[in-house]
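Have a look at the structure below before the remarks.
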Amino acid sequence: MDQGDTRGGDRPGNGGADNTHLLIQYGILIVVAVNVVNIVGVVWTCVGALGALWLMRPDDITHVLNQLSSSGGGDGHRETRTQPQDRSAQLLQSVRDELGDHESRINRVHRENKAILKQLKALNRRTDPDSTVARQQVDNGRKIVELLQKHDDKIDALSRTVRELKRRPRHSSRSSSSSSDSSCERITNNTYNNYIDNRMTNNHYEDNSISVKIGPISVPLPLPAIAVCWLTAGAYGTCTYKLRTEFTGATQAEFDLSGETGDWAIDMVFDAKVNLKIMSGGTVKSASVDELKFTIGGEQLKPGETHTISYEARYDGNPGANLISATFKGKPIDIGPVSTVWPVTIVPDGEPGHYNYGAVIHASLLFYEAQRSGKLPTDKRVHWRGDSMLDDGKDVGKDLTGGYFDAGDLVKFGFPMAASMTLLAWGVVDYPDAYQKAGELDNALKAIKWGTDYFIKCHTSDTEFYGQVGNGNEDHAVWGRPEDWPKSKVRPAYKVTTAHGGTDLLGETSAALAAASMAFKATDPNYSVTLLTHAKSLYTFADKHRSTYTVEISDAQNFYKSWSGFGDELAWAATWLLRATNDSQYRSEIDKHFNEFSVQLTGRPTQFGWDDKTAGVQVLAAEVTGDQKYKTLAKNFCDWVVHTAPKTPKGMVYIDQWGTLRHASNVAFVCLQAAKVGINPEVYKKFAESQIGYALGDTGRSFVVGVGVNPPTRPHHRSSSCPNEPVICDYSAMSNPGPNPQILTGALVGGPDKNDGYADKRDD
């Protein structure tokens, strides 16, 4: 099995629990969270994270419009050929006249181009896999090709004029050179500057042409000859970037300049603090206080000259620092795909079972950040992600932005998202010193708050809660970046009310907020009180108006139906509320639910995940009540997991075929918690260590993206499968046989089959 399964009802959670022995030794905990399965593909999971990114497929036609909107065209005008004159003044005047005519014609064609764009916009339609719509897309593509051909003819005519101008001898006087360069620069700035910025730095040109994909059609676009003017005249120059080498603690790279530059500067931005040293070719002109932003400069270049600026960026800690953007004289420099972190080394001594759990925690929290929806903070660490879904809730007059995307998709399913936040908060509550020692406590709290802030927005009244944003079927019909979701397509929001209730959803969210209130109690007591207030209200709503949430939110039926019912969520919420408040009324609630749902809650479950919380309830109840009956239930489950449950030949506990590593990691975490209560501690610790070791590389390969030896490179995940903008990202990215252009650091893939077989395939 592979990552990114889109099956509902069993989406993988994320994996990862470390063992208590190593927890004590290194102060680390890898939190197990719930992942998700989508409708097609295979399960993938993530260490310490739930919602995998739900991405849409951008409209191909819209992208073509964006690519054409800045380009100037050539008019199909006759060429005015002025033969060389004996007198320099006459030649200069001729060139000036023709350049002026040249500029006016470009401006006129630019206006015509706007008219063409207006026609193209009329063709703009969303697509889905339906064959009728697909055929319509092809028809639209043919029409676009016809329009582009007309556009190309004009550019060809303009190219002939520019080539003719290039053949003319330039006047020897200073005024002639200055005038020509000034006119050419004016044409460039007025007509083609944006096009050059967007295309020259992001495409490889062959024979002055590029190819733009429109659905199934490839359309050749000649590079307008005005680009030649931009490259050859005026003090512009060019700048390219080369990464030379990277090693522990430092990166060495260089910028190559060519052409007449005039005064120039290169602005650099890193994603972590660096000590920047210019090795040759320039100097650091300025540096920000936080040592993230630098400006470097040097001597001007003359036409035909080249120059190289070499630098070394040193950093402390693991992971390293990355150059995330650079500009030359204000123009973007193509620095290639940006990896959030270097591949994380987690085996410092090379021995299986001995891992740097702090590095894994760091990676898992980066995965959470890659899943964020809404307006991202300025200190974001995953720089290939941007603001998205800023109109969520607009259809119901609410602000429902934020939260986490689900799996490799874009829907915000509240039920599994809440389960993930509960487990992440559980780890922080029980092991704050471990997170602190790993240097990740602040980031873990931010990850929790990103989810709980969203839940507070969704809790619009005591008896109203929005449990989903986005339509599951509509989501799965597209592939692309979340940032490309069209503003005109407002996603539907779904809620539960007293009409039918939503006990499972409400109970899980109550548990998440109660657990989070404990996580924030020391650092933000006011926020902690707010979280607990919402948790209590949601629990009352859940218990008083009982029903599975998919009765009212029917769209979730095929994706996250609660097959285990809602008794486990009621007991789960009551247990967390008892721990958060120490209020005896919640102890009575726990006993009430165990009596009412005794068949489920006192039996031996077969898993622990986003749907069935029974094993977690049993272990947590044993911890907060100290009652032997709950300890016995927890022991029954973990004894079965360790001694009886099926195992693969290499030792992974095989709970279910969907999301095998997610299930193994989740039960490992539950049994670690049982060990913490004093139940068979040595046996359960050893088992948990073996399961996490399996995920991190004991078998010779890591199953965590961007981490360890031979990690997966093709997770079934929309946004990380997309190349850097402005390249179009659609379903062709899903079928691309190569690695994902972006590293989805910290994602635990679905895992191997029952025979330890695994295929690193995005479309599996």
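Going by the numbering used here, the sequence shown opens with residue 1185, and the numbers climb by one from there. Here a beta-carbon is modelled for each residue, glycine too, at the ideal position from N, C-alpha and C.
- Message: If contacts are defined as beta-carbon pairs under 8 Å, then residue 1789 and residue 1799 qualify, I think. What distance do you get, rounded to the angstrom?
- Response: 5 Å
- Go ahead and label residue 1827 buried or exposed: buried means 16 or more other beta carbons lie within 10 angstroms of its beta carbon, across all protein chains shown. The C-beta of residue 1827 has fewer than 16 other C-beta atoms within 10 Å across all chains shown, which makes the residue exposed.
- Under three-state DSSP, which class holds residue 1493? strand
- Message: Going by DSSP in three states, residue 1906 sits in which element: helix, strand or coil?
- Response: coil
- Run through DSSP, which three-state label would residue 1550 get? helix
- Outcome for residue 1881 when other beta-carbon atoms lying within 10 angstroms are tallied against a minimum of 16: buried
- Query: Out of curiosity, what's the CA-to-CA distance linking residue 1662 and residue 1916?
  - Reply: 11 Å
- Query: If you draw a straight line from the C-alpha of residue 1944 to the C-alpha of residue 1836, how long is it?
  - Reply: 18 Å
- Touch check for the segment 1842-1852 and the segment 1927-1943: three-plus C-beta pairs under 8 Å? yes
- Item | Close Cβ partners of residue 1670 (< 6 Å) along its chain, the five nearest in sequence each way excluded | none
- Buried or exposed for residue 1764, please, with buried defined as at least 16 other CB atoms from any protein chain shown within 10 angstroms of its CB. buried
- Query: Would DSSP call residue 1678 helix, strand or coil?
  - Reply: strand
- Item | residue 1939 (DSSP reduced to helix, strand or coil) | coil
- Task: Could you tell me how far apart the beta carbons of residue 1695 and residue 1757 are, in whole angstroms, since I believe they sit closer than 8 Å?
- Result: 5 Å
- Item | Pick from 1560, 1554, 1607 and 1888 that is closest to residue 1589, judged by C-alpha positions | 1554
- Item | Whole-Å CB distance - residue 1869 paired with residue 1856, under 8 Å assumed | 7 Å
- Query: Using the rule of at least 16 other Cβ atoms within 10 Å of the residue's Cβ for burial, across every protein chain shown, is residue 1610 buried or exposed?
  - Reply: In the assembly as shown, residue 1610 is a buried residue. Its beta-carbon has 16 or more other beta-carbons within 10 Å.
- Message: Measuring only the C-alpha atoms, how far is residue 1753 from residue 1731?
- Response: 12 Å
- For residue 1808, the first and last residue of its enclosing alpha helix (DSSP H): Looking at the DSSP string, the run of the alpha helix (DSSP H) that includes residue 1808 is 1798-1809.
- Looking only at DSSP bridge pairs, what is residue 1461 linked to? By DSSP's assignment, residue 1461 forms a beta bridge with 1496.
- Considering only the beta carbon of each residue, do residue 1691 and residue 1716 sit closer than 9 Å? no
- Which residue comes first and which comes last in the alpha helix (DSSP H) that contains residue 1620? 1616-1621
- So residue 1455 and residue 1565 are in contact, right, with Cβ under 8 Å, and what is the actual spacing, rounded? 6 Å
- Message: With H, G and I counted as helix, E and B as strand and the rest as coil, what does DSSP make of residue 1514?
- Response: For residue 1514, the three-state secondary structure derived from DSSP is coil.
- Integer Cβ distance of residue 1761 from residue 1700, believed to fall under 8 Å: Contact flag wrong, Cβ pair sits at about 12 Å.
- Message: Let's test the definition: count the other Cβ atoms within 10 Å of the Cβ of residue 1427 and tell me whether it reaches 16, buried, or not, exposed.
- Response: exposed
- Task: Using the Cα positions of residue 1672 and residue 1633, report the straight-line distance between them to the nearest angstrom.
- Result: Cα to Cα, residue 1672 sits roughly 29 Å from residue 1633.
- For residue 1896, collect the residues of the same chain with a Cβ closer than 7 Å to its Cβ; drop the 5 residues on either side in sequence, then sort them by chain order. 1187, 1887, 1889, 1933 and 1944
- Query: So residue 1438 packs on residue 1495, CB below 8 Å; how close in whole Å?
  - Reply: 7 Å
- With burial defined as no fewer than 16 other Cβ atoms inside 10 Å of the residue's Cβ, what is the status of residue 1463: buried or exposed? It counts as exposed.
- Query: Ordered along the chain, which non-local residues of its own chain (more than five positions away) have a Cβ less than 6 Å from that of residue 1942?
  - Reply: 1936
- Query: How many whole angstroms separate the CB atoms of residue 1467 and residue 1443, which I take to be in contact at a CB cut-off of 8 Å?
  - Reply: Incorrect: roughly 21 Å between the Cβ atoms, too far for contact.
- Query: On the premise that residue 1677 lies in contact with residue 1576, defined as a C-beta separation below 8 Å, what is that separation, rounded to the nearest angstrom?
  - Reply: 7 Å
- So, is residue 1794 buried or exposed, given that buried needs 16 or more other C-beta atoms within 10 angstroms? Buried, since its Cβ has 16 or more Cβ neighbours within 10 Å.
- Whole beta strand (DSSP E) runs in the segment 1572-1643 with 3 or more residues, listed along the chain? none
- Task: Kindly list the residues whose CB is nearer than 8 Å to the CB of residue 1470, restricted to its own chain and excluding five residues on each side of it in sequence; keep chain order.
- Result: 1478 and 1479
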